[in-house]
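> Last residue of the sequence shown: 231 (our numbering), numbering continuous.
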Amino acid sequence: DVIAALAGDPAARQQVRGRRSSIDPATLDRALPDQEFLILDADSSQQRVVASVLSGQDGVIQGPPGTGKSQTIANMIAALAAQGKRVLFVAEKRAALEVVYRRLESAGLGHLALDLHGAEISRRNVMRRFGESLLLVRDAPAVHTTDIHTRFTERRSRLNSHAWRLHVARKPSGLSIYELQGRLLQLSAGPRATTRWRGAALHPLDAATVAAVRDLLIEAGGFGGLFLRA
Numbered sequence: 002d003v004i005a006a007l008a009g010d011p012a013a014r015q016q017v018r019g020r021r022s023s024i025d026p027a028t029l030d031r032a033l034p035d036q037e038f039l040i041l042d043a044d045s046s047q048q049r050v051v052a053s054v055l056s057g058q059d060g061v062i063q064g065p066p067g068t069g070k071s072q073t074i075a076n077m078i079a080a081l082a083a084q085g086k087r088v089l090f091v092a093e094k095r096a097a098l099e100v101v102y103r104r105l106e107s108a109g110l111g112h113l114a115l116d117l118h119g120a121e122i123s124r125r126n127v128m129r130r131f132g133e134s135l136l137l138v139r140d141a142p143a144v145h146t147t148d149i150h151t152r153f154t155e156r157r158s159r160l161n162s163h164a165w166r167l168h169v170a171r172k173p174s175g176l177s178i179y180e181l182q183g184r185l186l187q188l189s190a191g192p193r194a195t196t197r198w199r200g201a202a203l204h205p206l207d208a209a210t211v212a213a214v215r216d217l218l219i220e221a222g223g224f225g226g227l228f229l230r231a
């Protein structure tokens, strides 16, 4: 359909247009761990590209150098391979093929890629490498993912909670912490706290509470953007 649409076939173009659907970024963080196959870091826009392809959509990835196109393609290939699909990756320049292959190789998936570019490629070499890949897949050890998926879910939940707490509006100002931080940075002089903890207020605190408060203050002190100094 895509090739026919590129060639100008009206029916194919209409069919390709009909497959368009929008991926809500909010749904990306609700995917089950066993359905998450990203092998490299990806921001939300890159995740949407991979999710769109997995849902059967067609598209074009555009962006200047250094914006993560090759790692998005590598993530895409890995995700499609995890679904048992075959991927043909064609590039105008050899360098583009090598970049994506190196990314797959660094993630331990180099054996899933078969390089068919170059004068040295022969039928015998292709069959030999194909056989080696099949043996590696066959002999791959079983991976117990329960603990990995549990840690993944917990850490993703913590990150999502942090983002929500950072941007939720709070009383009485009606502003989020993110908005308040931006306004603090616009002040000409650093704000000064009016609250003072004296001995009488600190005396009833037990050792565990004092230790917890100390740890929180140390952690807060590392957030330089929250504090301004004159």
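We put the CB at the ideal spot given by N, CA and C, even for glycine. Note that the structure is predicted; figures quoted are calculated from it, not measured.
1) Helix, strand or coil: how does DSSP classify L41 here?
2) Have a look at T146, L115, S123 and flag the residue whose alpha-carbon is nearest the alpha-carbon of F131.
3) Using 8 Å as the threshold, is the C-beta distance between L81 and V91 below it?
4) Roughly how many angstroms separate the alpha carbons of H168 and R184, rounded to a whole number?
5) Less than 8 Å between the C-beta atoms of Q47 and T73, yes or no?
6) Quick one: using the 10 Å Cβ neighbour count with 16 as the cut-off for buried, is I4 buried or exposed?
7) Decide if the segment 123 to 140 is in contact with the segment 93 to 103; the criterion is three or more beta carbon pairs, one per stretch, under 8 Å apart.
8) A190 lies in the alpha helix (DSSP H); which residues open and close that run?
9) Identify every run of the alpha helix (DSSP H) within the segment 62 to 94, keeping only runs that are complete inside it and at least 4 residues long; order them along the chain.
10) So which of G67, V50, G64 has the shortest CA-CA distance to Q58?
11) Would you be able to state if there are at least three C-beta pairs under 8 Å between the segment 199 to 219 and the segment 173 to 189?
12) For A8, which three-state DSSP category applies?
13) In the DSSP output, what is L176 paired with across the bridge?
14) Would you tell me roughly how many angstroms separate the C-alpha atoms of G223 and I149, rounded to the nearest one?
15) Assign T151 to one of three DSSP states: helix, strand, or coil.
16) The alpha helix (DSSP H) that contains G132, what's its start and end?
17) Mind checking L117: buried by the 16 CB within 10 Å criterion, or exposed?
A quick look at the data gives this:
1) coil
2) L115
3) no
4) 14 Å
5) yes
6) exposed
7) no
8) Element bounds for A190: n/a, residue is neither H nor E.
9) 70 to 83
10) V50
11) no
12) coil
13) R171
14) 29 Å
15) helix
16) 124 to 139
17) exposed
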